[in-house]
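All letters in the sequence shown, in the order written, are residues 1 to 278 by my numbering.
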Amino acid sequence: MNILKGLLNEAAQNVFGPSTALMWSKQISTFADFVYFSLTTLSGLQTLGEEYTGIIQVDDTATATPNWQQRLLMVVCHTLVPMLIERTFTKLENLLSQGQISQLSSSSQDFLLQSLPKLKYILVTFHHLHLSVFYLSHTFHTISKRISGVHYTKYFRNIPDGDGRFHMLGFVQMAQNLIMLSLQMYGLYKDFKRIQSRDSELLSIQKSNSNFEMQEMHLSEKQMVCSLCLEKRTHSSATPCGHLFCYYCIHNWIETKSECPLCRQAIDPREIIVLRNL
């Protein structure tokens, strides 16, 4: 398989140039895997590793080889699906970092963006856990084989199936991966609680600002009231002492008393100033 990957990389460099071949190196590697398994597994032949260890693929009955639908599903899940998952994560990360998913709130986008590395690690940990189960049960070597229902069986038995070393390795690896999985899940929970706490603080601040604006509005409405007619001022007019009244109210007042109704300071009608836009 490594030889095939090397040949494809060399061909890509000769045709498209080194920079393009380097940029598409992962896709070339995936294509090489797909070609290799298409020429072996998909064609009903053993891989070099299967031939060397003396094992063959069988279906759930363990009496027949898998049909072509099972083999195709296994090859696609083993080669193409991991690449699609990786590209999906990359695309999602770019969209979230640019805030282009309008269907989600900003807090949800922040949580997903922070959680993507942990989710990737959790997927890798699940893969390792599945391998631990294989060491213990000797059934499905990969997740793609479990999905397609393809088993391995030996046609010569030079190594016992229940080798204790594999059981010990399976227990140790499973314990390690369960601990790592728990830590990552706890990290996701902490991220969620932190985002939730931040949203609660923002909501509290917005509520406080709204109450403050309402109080300001109520206060400004009270300040717009004329002290003489107790209604909203019309044609606001200022006395020399700085008090505000309706134009007609203050003039009617000083016809009887030439003083400010509030502070009793003497007022000349010519000193009253009409204020515009107030």
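Ideal placement from N, C-alpha and C gives every residue a C-beta, glycine not left out.
Keep in mind the model is a prediction, meaning the values are calculated, not measured.
Reduced DSSP secondary structure (H/G/I, E/B, other) of residue i
i    : result
L262 : coil
S237 : strand
T40  : coil
Y155 : coil
F140 : coil
V150 : coil
L230 : coil
L45  : coil
K257 : coil
I267 : coil
N2   : helix
Nearest neighbour of residue i, chosen from the options [CA to CA]
i    : options                 : result
I122 : P240, L181, E10 and C77 : L181
Q114 : A32, Q184, M1 and H243  : Q184
R165 : F134, E10 and K26       : F134
C260 : A175, L104 and H243     : H243
S236 : R264, I272 and R87      : I272
M23  : V58, T139 and A12       : A12
F37  : L275, V75 and K145      : V75
T139 : Y189, I56 and S25       : I56
Residue burial classification, residue i (beta-carbon count within 10 angstroms, cutoff 16)
i    : result
L96  : buried
Y52  : exposed
H78  : buried
I254 : buried
N2   : exposed
Below-8 Å beta-carbon distance, residue i vs any chain D residue
i   : result
D60 : No chain D is present in this structure, which holds just one protein chain.
Strand pairing of residue i, partner residues [DSSP]
i    : result
V274 : S237
V225 : K232
F245 : S237
Any non-hydrogen atom of the ligand GTP closer than 7 Å to residue i Cβ
i   : result
W24 : The ligand GTP is not part of this structure, which contains no ligands at all.
Scan the region 54-135 and note each continuous alpha helix (DSSP H) run of 4 residues or more that stays entirely inside, going in chain order. 68-97
At what residue ranges does the region 4-33 contain a whole run of the alpha helix (DSSP H), taking only runs of 4 or more? 18-23
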